[in-house]
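Colleague: Residue numbers (our numbering), protein chains in the order written: chain A, 1 to 346; chain B, 1001 to 1113; chain C, 2001 to 2640; chain D, 3001 to 3204.
Quick reminder that beta carbons are idealized off the backbone N, C-alpha and C, glycines included.
Shown below is the structure under consideration.
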Amino acid sequence: MSGWRKGIPGGMLAAGVLSTACAGHQQSALDSAGTQADRIESLWWFFLAVLSAVFVIVIATLLVSLTRGHRGVNQEPLERTHVPSEETERNLGRTVGVATGVTIIILFVLLVASIGTGKELSEIGGKQNSLIVEVTGNQWWWNIRYLSEEPSEILTTANEIHIPVGRPVMIRGLSQDVIHSFWVPNLHGKRDLIPSRVTTEWIEADHPGRWRGQCAEFCGLQHAHMALWVVAETEPQFEAWRHAQLQPAAAPQDADTQRGQQVFLNSACVLCHTIRGTSAAGSVAPDLTHVGSRLTIAAGTLPNTKGNIAGWIADPQRIKPGNHMAVVPVKSEDLQPLADYLESLK
Amino acid sequence: MNRDTVLWGALLLPPVIWFLSMETNFALAPWACAFGWKFAMFVVSGISFALNAGLALAAWSQWKSLGQNWPGDEGGAIPRAGIMAILGMMIAGMACLVTLAQAVPEIMMGACQ
Amino acid sequence: MTPIIEAPGETVDPRAGTNEEHRKKLERAWSRPGRIFGFFTATTHTAIGMRYIITAFAFFLAGGIEALLMRTQLAFSNNHFLSADRYNQIFTTHGTTMMFLFAVPMMEGMAVYLVPLMLGTRNVAFPRLNAFGYYMFLFGGLLLYAGVLTNTGPDVGWFAYPPLSGPQYSPGKRVDIWAQMITFTEISALCVATELIATILKMRAPRMSLNRLPLYCWSMLIQSFMVIFAMPAVMVASTIMLLLDRTVATHFVNPAAGGDPLLYQHVFWFFGHPEVYIIFIPALGFVSSIVEAHTRRGVFGYPAMVLALAGTAFIGFGLWVHHMFATGLPQIGESFFTAASMMIAITSGIQIFCWLATIWTGRVRMHTPMYFVLGFIFIFVMGGLTGVMLASVPLDWQVHDTFFVVAHFHYVLIGGAVFPLFGAFHYWYPKMTGRMMNETLGKIEFWILFIGFNMTFFPMHILGLKGMTRRIYTYPPEMGWDNANALATVGAYIIAIGGILFIANVLSSRKTGAPAGRNPWDAGTLEWAADSPPPPYNFEYLPVAAGRYTMWAPAEARAVVTGMRDDRREVLVTSIMDAEPQHRLVLPGSSFWPFLTALLVGGGFVGTVFGFNWYYPTAVAAGVGLIGWFWPKAPRDLRP
Amino acid sequence: MIQKTLDVSELPPFSVSNDDPLWWGQMLMGVIEVMLFAIMIAMYFYIRLSVDMWPLPGDQLPHKLLPTLALVPLALSFPAAWVASEGAKQDNRGKMLAGLGLNLALAGAFLAMRIVEWHSFNFEWKADIFGSVTWTILGLHTADIIGDMGFTLVLFVIVLTGKYAQKQRLGVHVDSIVWYLVAGAWFPMYVVIYWGPTLVGAPR
């Protein structure tokens, strides 16, 4: 797989990459990394500038108005009521009228800007050479399929989307259970994944990088731990990745990982998980064929390290309480080989 | 029609007309896409605008016949009718304005966006 | 039209207790029996209104404690203060409490208390319905908290989207309790709306024609109509779609049998968006009342203010899809709602401009209520402007369901409703208790609340833009959200201190506050013509309106009504537009039936949580209760 | 301080007419019901437009004969309610009894026909969304009919026993308002339930 991991203990590096990539910008609407998010960000700054000016003017007027005819608490008013002259009222009427007119004009400008951006956004995408990625929301992980007319080119993975830079990608959103929402703010706004419906959204990264996304619609107990990563790479890197992912799982190379494979195949793991190239063909949980190549496990909950994999298998309910992964009894001496095996599935 | 009927009409009908036109247009959105035809939406918006403008006009003519004053809180039926007429004008005008704002997407966007 | 009889024959002095006999008779006619049993027979609007206010405030405190628990959990990353399950129950209960058990009932309670006083009448049009509505609200709230305290609190968010809230993904009773609690509170809201409309249209002081109606009463009239049109939608969403799907296996939201989860969202938000204005419009009435009393002049642009209220109300019904921009509806359809959502800013703008104009030309007195009004303008304008951002479809795709939205709606709801409400508490406290609240403490409260509020919620805008989604019980440290969250948590505790000071002020002023007299603020509207606190009959002689601000009118222009019987509960019915007296109406007296009926119906509703068949005994029980309620009993009702 | 007064002692106590606040209260309750039904009808069409076949495969359309016949007593109940309300206004006990009694009988006939008709339905509310929405509309409306019949029955008994005064007469008057709304609401719903699938039922 990618060269950047060679020779360094995987876990440390994954953790390191995550923490450097995560200077607070890897999931931000204000650090756009794609065409769509960029348009929205421009619209945002425009709205912010106009509306901040409105706010400042209103509050300034309020403060100035308080300096006029102000009586302190202890000063009794000279008169019980105060009736401004007709001329004052006329002037006020004119001022309020003008202010309302200006408000209407500002709102129409913002309306046109917003609809213009919406129109542009819906016209990006649909170009030639696009990629279709089917994202299916599950409680609480993402199933990812790269669609293709060629059945052998269809690729299944989970919780991690790789996209080539500069190529439009259509996200085809589905849901297996409840409503989820797909949101990678650096690339585009969110789109709900609704059972029995198909929603679509186009994304396009303009430079390589890794961005985090998260389920945005409350979807139950572990809504907080339903994240995914989008990795944008150059076209050759992406093709290499795709090619590698299409392969069946690597056969275990040493006695330790062979034992791990046996543990996996002889346990209840196979009821839910698939590892292509083995007899494990469960379909209700993430495909593990290349799980070792992913940045994180448990839908973005933990960095992908051997230790974390072992800890996750030993007690998934402690790390992500209420998730649908059953506690599979694994003997303590089997745990390390199992984790080694899964880690080796690059 | 007596004055109070017109006044109540101008107060209460604009929201109803606007609401129905908006609902109709919202329901038309998928159909407009299927037929590639936004014209129906313009018709609905146009009718809504015309009706509301008509109601604004009716309220205005009432106001004119009441002396075109900006009434305060004087007692009696005339100032009260004056305020109702002004309110009718403004509510119908507001409905026109919203209809106009909702025509912006109709004009700018394609039927299938 | 019934002729007006104006006779200078009898001379009365409504200021002092000159006519002791008259007052005693009124007192006898309007008082409830005094025993414990009698407590449940109260039907005067001041008693019921006060119960609403106190109960809703208690729920406000409960919701506030839930907020503190959530903020404590979110104070830093990977916190384990609350479990995911507990957190989900708490945020759902917080939202549900604040919307259904605090904001709406509080606004209703204030209106039940104030509207008849402002209209110069003696009670609401349907006093027993009023009491019934209160008990339904109370029982609904108790049901929800019974669930929360037995770990059966709802855990699907305050809008309970199916399929998550459906039978398959939320087994157990949590969602049933939530949905039935909605039924209770919506019945209560509909009761109050009905009686307020009837009261405002038909029981105004003579000569209080529509152009003299106080802006607060306009706001309650318009809000009540919104309740009438919006609440049936939530009845369909929660009581029909959700509960029937859960209890008798209908398929409204089951996609497998042709149902549609999005249909629930449409119906829910058709109620849910107007709900925000149902909370907010009464607050605009508070602000107008406070502003006119504290600037010594009528609010500038009365017709424009009424237009703004009515415009807000009707456009408010055309915004609901902006909660659904991310669901993949046709964008042209969504954009209609963008347009409407932006246009509603015009009506808010008009109000702000009119208040600014009023303050500009008035003689401002800076009492505590006015501080809260100024705080309201600052916070609400900001919330309104972020609302304009949310109206935009592309911007909403980014900030929807993030902390940006959380910040926005707390700016509009706390800024737009709670700040005016606190202003209103300070403003009408002397009327309700007869004593002034402590001014110094009031201003300290204001500054603490204002600073705490902005500290809590301003950082949330940034958190949302930086990707923090709402309703997550924890977040990893790498996200860079720690500092802003810590700040928000500190702010939340500062708000709590402000709240405690307010309660202390309320309690201590009850005993030590300066006596208020009838009209401590020298305000213009009719509630200030009654004693503080008002006697059960409100006015010894019903006042006649002499303008928009009768209390500011010269004494020679004012008049009172005579010829009302004082040996039974009589009120004056007037015509809708010009408030010409039409007839005298005898209102029912104290009655135990509203409480009993609420108990029977409420018990049945609680039963329906456990099975649909409970609806049948409930219907029978309701029938028994209503027959007892309406059965002619007191012989004095029968006499002409 | 002596103030000007407005003497109202000559005004009548009670008014059995639309001027009474109770009339407004009942009107508003009626508006709530009508709103509820309007939302249900909107839902019906929303659901209809989101599926390809209507009714869904496996459901048969309800028969039209009995519900159409049932419209006759329902339509006749309007004048009955009107007679009762006129009787209330004129303080005419006979008219009130006749109107209320006739109204009860006609409403009862309508209800009986509806219950007979239900046995012929071949779709359950548990079957699919078509059954759910149709049954719910019918159930809600039936609950309303029964509720208002109960109200009418109580008033009938009160008038029959003679324990009535203006207040109860007012009750009779506003009861007819409720009946107009509840019964009137059925006609559009009848069209939707029985003719709707025929009119808009063809596969898209």
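Note down, in chain order, all residues in the stretch 1077-1108 of chain B with a beta-carbon under 8 Å from any beta-carbon belonging to chain A.
Modeller: Leu1097, Ala1101, Val1104, Pro1105 and Met1108
Colleague: Report yes or no: is there a C-beta of chain D within less than 9 Å of the C-beta of Gln2250 of chain C?
Modeller: Numbered from its first residue, the third sequence carries residue 2250 of chain C at position 250. It is Thr, not Gln, that sits at residue 2250 of chain C in the sequence shown. At least one chain D Cβ lies under 9 Å of Thr2250 of chain C.
Colleague: Give me the Cα-Cα distance between Gly2153 of chain C and Ala2233 of chain C, rounded to the nearest whole angstrom.
Modeller: In the third sequence, counting from the first residue as 1, residue 2153 of chain C sits at position 153. In the third sequence, counting from the first residue as 1, residue 2233 of chain C sits at position 233. For Gly2153 of chain C and Ala2233 of chain C, the distance between alpha carbons rounds to 23 Å.
Colleague: Tell me whether Val3051 of chain D sits in a helix, a strand or coil according to DSSP, three-state version.
Modeller: Taking the fourth sequence and counting its residues from 1, the one referred to as residue 3051 of chain D is at position 51. It is coil, neither helix nor strand.
Colleague: Can you tell me whether Trp141 of chain A is helix, strand or coil according to DSSP?
Modeller: Mapped onto the first sequence, residue 141 of chain A falls at position 141. Three-state DSSP puts Trp141 of chain A in a strand.
Colleague: The alpha helix (DSSP H) that contains His2410 of chain C, what's its start and end?
Modeller: On the third sequence, residue 2410 of chain C is found 410 positions in, with the first residue counted as 1. Per DSSP, His2410 of chain C belongs to the alpha helix (DSSP H) from Phe2403 to His2410.
Colleague: Identify which residue in A:Ile115, A:Ser32 and A:Leu110 has its Cα closest to the Cα of Leu48 of chain A.
Modeller: Sequence index remark: in the first sequence, residue 48 of chain A carries index 48 (1-based). Answer by Cα proximity: A:Leu110.
Colleague: Out of curiosity, what's the CA-to-CA distance linking Arg5 of chain A and Ser267 of chain A?
Modeller: The residue labelled residue 5 of chain A in the question sits at position 5 within the first sequence. The residue labelled residue 267 of chain A in the question sits at position 267 within the first sequence. Residue confidence for Arg5 of chain A is low, a pLDDT of 36 falling below 50, so the modelled location carries little weight and cannot support an answer.
Colleague: Of all Cβ atoms in chain C, is any one closer than 9 Å to the Cβ of Val3008 of chain D?
Modeller: If you number the fourth sequence from 1, residue 3008 of chain D lands on position 8. For Val3008 of chain D, the answer is yes, since a Cβ of chain C falls inside 9 Å of its Cβ.
Colleague: By Cβ distance below 6 Å, which residues in the same chain neighbour Val54 of chain A in space, the five residues on each side in sequence not counted?
Modeller: Reading the first sequence from its first residue, position 54 is the one you call residue 54 of chain A. Closer than 6 Å at the Cβ level, and outside the excluded window around Val54 of chain A, lies no residue.
Colleague: Relative to the C-alpha of Met2343 of chain C, which residue among C:Trp2355, C:Phe2317 and C:Leu2356 is closest?
Modeller: Counting from 1 along the third sequence, the entry for residue 2343 of chain C is found at position 343. Comparing Cα-Cα distances from Met2343 of chain C to each of C:Trp2355, C:Phe2317 and C:Leu2356, the minimum goes to C:Phe2317.
Colleague: For Trp2355 of chain C versus Gly2285 of chain C, is the C-beta spacing smaller than 9 Å?
Modeller: Numbered from its first residue, the third sequence carries residue 2355 of chain C at position 355. Numbered from its first residue, the third sequence carries residue 2285 of chain C at position 285. Contact flag unset, no.
Colleague: Measuring only from the beta carbon, is Ile2627 of chain C closer than 8 Å to any heavy atom that is part of the ligand NAP?
Modeller: In the structure shown, the ligand NAP is absent, as is every other ligand, since no ligand is present at all.
Colleague: Hey, Arg276 of chain A and Pro248 of chain A are a contact pair by Cβ (cut 8 Å); roughly how many whole angstroms apart?
Modeller: The residue you call residue 276 of chain A lines up with position 276 of the first sequence. The residue you call residue 248 of chain A lines up with position 248 of the first sequence. Confirmed, about 4 Å.
Colleague: Using the Cα positions of Cys22 of chain A and Arg39 of chain A, report the straight-line distance between them to the nearest angstrom.
Modeller: Taking the first residue of the first sequence as position 1, residue 22 of chain A is located at position 22. Taking the first residue of the first sequence as position 1, residue 39 of chain A is located at position 39. Legend: pLDDT at Cys22 of chain A = 45, less than 50; position of this residue unreliable, value from coordinates given subsequently. Whole-angstrom Cα-Cα distance: 23 Å.
Colleague: Let me make sure I understand the geometry here. Which of A:Gln214, A:Gln253, A:Val83 and A:Gly101 has the alpha-carbon closest to that of Trp140 of chain A?
Modeller: Indexing the first sequence from 1 puts residue 140 of chain A at position 140. It is A:Gln214 whose Cα lies nearest to the Cα of Trp140 of chain A.
Colleague: If you compare alpha carbons, which of A:Gln36, A:Leu228, A:Leu335 and A:Ser293 is closest to Leu246 of chain A?
Modeller: Residue numbering aside, residue 246 of chain A sits at position 246 when the first sequence is read from its first letter. When each option's Cα is compared against that of Leu246 of chain A, the closest is A:Ser293.
Colleague: Give me the chain C residues within the contact set of Tyr3044 of chain D, using Cβ-Cβ distance strictly less than 8 Å, ordered along the chain.
Modeller: Looking up residue 3044 of chain D in the fourth sequence gives position 44. Listed along the chain, the chain C residues whose CB falls inside 8 Å of the CB of Tyr3044 of chain D amount to none; the nearest CB is some 11 Å away.
Colleague: Which residues in the same chain have their Cβ closer than 6 Å to the Cβ of His2595 of chain C, if we skip the five residues on either side of it in sequence?
Modeller: For the purposes of this step, residue 2595 of chain C is taken as the residue at position 595 of the third sequence. The identity of residue 2595 of chain C in the sequence shown is Phe, whereas the question assumes His. So the qualifying residues of the chain are Phe2040 and Tyr2135.
Colleague: How big is the Cα-Cα spacing for His2022 of chain C and Asn91 of chain A?
Modeller: For this step, residue 2022 of chain C is matched to residue 22 along the third sequence. For this step, residue 91 of chain A is matched to residue 91 along the first sequence. Their Cα atoms are separated by approximately 50 Å.
Colleague: Of all the residues that make up the stretch 2316-2346 of chain C, which are near chain B by a beta-carbon distance shorter than 9 Å?
Modeller: Phe2317, Gly2318, Val2321, Leu2329, Pro2330, Gln2331, Ile2332, Gly2333, Glu2334, Ser2335, Phe2336, Phe2337, Thr2338, Ala2339, Ala2340, Met2342, Met2343, Ile2344 and Ile2346
Colleague: In angstroms, rounded to a whole number, what distance separates the CA positions of Gly3099 of chain D and Glu2066 of chain C?
Modeller: Mapped onto the fourth sequence, residue 3099 of chain D falls at position 99. Mapped onto the third sequence, residue 2066 of chain C falls at position 66. Near 56 Å, if we compare the C-alpha coordinates of Glu2066 of chain C and Gly3099 of chain D.
Colleague: Taking the Cβ atom as the reference point for each residue, do Gln36 of chain A and Trp202 of chain A lie within a distance shorter than 9 Å?
Modeller: For the purposes of this step, residue 36 of chain A is taken as the residue at position 36 of the first sequence. For the purposes of this step, residue 202 of chain A is taken as the residue at position 202 of the first sequence. Contact: yes.
Colleague: Should the stretch 2250-2270 of chain C be regarded as contacting the stretch 2512-2519 of chain C, the criterion being three or more beta carbon pairs within less than 8 Å?
Modeller: no
Colleague: Following the continuous alpha helix (DSSP H) through Arg210 of chain A, name the residue where it begins and the one where it ends.
Modeller: The sequence position of residue 210 of chain A within the first sequence is 210, counting from 1. Unbroken run through Arg210 of chain A is the beta strand (DSSP E), Gly209 to Gln214; no alpha helix (DSSP H).
Colleague: Does the beta carbon of Phe2076 of chain C sit closer than 9 Å to a beta carbon anywhere in chain B?
Modeller: Your numbering for residue 2076 of chain C matches position 76 in the third sequence. Judged by the 9 Å Cβ criterion, Phe2076 of chain C is not in contact with chain B.
Colleague: Could you tell me whether the stretch 1033-1041 of chain B touches the stretch 1058-1068 of chain B, using the rule of 3 or more Cβ pairs below 8 Å?
Modeller: no
Colleague: By the criterion of Cβ-Cβ separation under 7 Å, what are the contact partners of Arg2212 of chain C in chain B?
Modeller: Looking up residue 2212 of chain C in the third sequence gives position 212. Chain B residues near Arg2212 of chain C: Asp1073.
Colleague: Ignore the nearest five residues each way along the sequence and tell me which others in Arg2471 of chain C's own chain have a CB closer than 7 Å to its CB.
Modeller: Within the third sequence, the letter at position 471 stands for residue 2471 of chain C. Correct list, in chain order: Phe2091 and Gly2157.
Colleague: For the stretch 2425-2466 of chain C, list the alpha helix (DSSP H) runs that are entirely contained and at least 4 residues long, ordered along the chain.
Modeller: 2439-2465
Colleague: Taking a Cβ distance cut-off of 7 Å, strictly less, list which residues of the stretch 2349-2363 of chain C are near chain A, in chain order.
Modeller: Gly2349, Ile2350, Ile2352, Phe2353, Cys2354, Leu2356, Ala2357, Ile2359, Trp2360, Thr2361, Gly2362 and Arg2363
Colleague: Do you know how far the Cα of Gln2398 of chain C is from the Cα of Ile115 of chain A?
Modeller: One-based indexing of the first sequence puts residue 115 of chain A at position 115. One-based indexing of the third sequence puts residue 2398 of chain C at position 398. About 15 Å.
Colleague: Closer than 8 Å is the cut-off here; do at least three beta carbon pairs connect the stretch 2604-2612 of chain C with the stretch 2566-2578 of chain C?
Modeller: no
Colleague: If the cut is a Cβ gap below 7 Å, which residues of chain C does Ile3032 of chain D touch?
Modeller: Against the fourth sequence, residue 3032 of chain D aligns to sequence position 32. By Cβ distance, chain C contributes Leu2190, Ile2228 and Pro2232.
Colleague: Name, going along the chain, the residues of the stretch 2378-2397 of chain C whose beta-carbon falls closer than 7 Å to a beta-carbon of chain A.
Modeller: So the list reads Phe2378, Val2381, Met2382, Leu2385, Val2388, Met2389, Ser2392, Val2393, Pro2394, Leu2395 and Trp2397, given in the order they occur along the chain.
Colleague: Against chain A, does Val1067 of chain B count as a neighbour if the rule is that its beta carbon must be under 9 Å from one of theirs?
Modeller: Sequence index remark: in the second sequence, residue 1067 of chain B carries index 67 (1-based). According to the sequence as given, residue 1067 of chain B is Gly; it is not Val. Taking Cβ atoms only, chain A never reaches closer than 9 Å to Gly1067 of chain B, which makes this a no.
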